[in-house]
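Going by full-length UniProt numbering, the sequence shown opens with residue 1, and the numbers climb by one from there. Backbone N, C-alpha and C fix where the C-beta goes; we use that ideal spot for every residue, glycine too. Note that the structure is a prediction, hence the values are computed from the model and not measured.
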Amino acid sequence: MITFHGDIDELRRLTKGIAAAEPALEKATVSALNKSIVSTRAYGVKLVARDYAVTQKAVRKELKIYRANLHRKQASIVGSGSPGIPLYQFRPTPRRVPSTKRLKSGGYSPKEGIKVMIRRGSRKVVKGAFIAETESGHIGVFKRRERGLGNWWNAFRKNRIEKMFGPSPLRILDSEHYYEKLDNYTEEIMDKNMAHEADYFLKKAGVIFNV
């Protein structure tokens with residue numbers, strides 16, 4: 001004869017555990033997403049700085065993180081809103097400020113341009129570009145607008161130059177060369193973090209116990 005005995009206390013513990021599991025797993029998911037997105041950005045920053053002649057700090061500044069929460073279980077990396085990394089960050093030469101020579105007429109005129117190193121080991125000349133300091137003290141690489149572009153004719157003199165930018169880190173990472181590496185890393189780190197955070201929050205909620 002096989003006999004089954006119902007244990008109402010065990011059933012109560014089981015149902016309590018099931019009820020506690022869902023909010024614990026929700027917290028684990030949010031925590032894993034936020035840890036993973038930070039790690040993914042750090043990995044992406046290293047990839048860009050390895051191949052491009054720019055500091056990790058400059059790359060990181062262009063990659064903004066939106067963290068997940070219990071109401072929005074999604075974390076993402078977006079651009080900072082700028083056109084890209086300022087060209088001044090790519091080792092321009094000459095680096096003196098201003099990089100132009102004064103003419104007899106009193107105006108300034110760039111020489112052949114500014115040399116910059118976008119990708120490591122390769123310099124190129126940006127014709128017509130020059131380094132200058134704005135009234136606010138900001139130093140950058142600029143270029144005069146061509147007549148007929150934008151509001152050139154109606155612009156004040158100080159607005160007839162435009163700041164120059166290098167590539168956007170987000171666009172670099174979205175290219176075929178980097179996307180697969182980043183995607184594989186993201187999947188691996190998310191799996192690792194999800195397992196760790198689920199274990200932590202389920203134990204904290206008393207759903208599972210240390211063995």
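- Looking from the CA of VAL54, the closest CA among LYS35, LEU70, LEU33 and GLY84 belongs to GLY84.
- For LYS124 against LYS115, the beta-carbon gap comes to about 7 Å, under 8 Å, which counts as contact.
- With a contact defined as Cβ atoms closer than 8 Å, LEU202 and ALA24 qualify at about 5 Å.
- For VAL59, the enclosing alpha helix (DSSP H) covers residues 56–62.
- Apart from the 5 residues on each side of it in sequence, ALA20 sits with its Cβ closer than 8 Å to the Cβ of ALA205, GLY206 and VAL207 in its chain, given in chain order.
- For PRO94, DSSP records no beta bridge to any residue.
- Its chain contains ALA32 as the residues whose beta carbon lies nearer than 8 Å to that of HIS196, once the 5 sequence neighbours on both sides are disregarded; these appear in chain order.
- Note on geometry: alpha-carbon atoms of GLU22 and LYS192 lie some 20 Å from one another.
- Taking every protein chain shown into account, the CB of GLN89 has 16 or more other CB atoms within 10 angstroms, so this residue is buried.
- For GLU188, no beta strand (DSSP E) run applies; the uninterrupted alpha helix (DSSP H) run containing it begins and ends at 176–204, by DSSP.
- If you look at ARG123, you'll find it in the beta strand (DSSP E) that goes 123–126.
- Judged by pairs of C-beta atoms under 8 Å, the segment 158–176 touches the segment 37–56, as three or more such pairs exist.
- Inclusion of LYS143 and MET164 in the CB contact set at 8 Å is warranted, their separation being smaller than that value.
- Shown here for ILE161: same chain residues with a beta carbon closer than 6 Å to its own, the five before and five after excluded, namely PHE142 and ARG144 in chain order.
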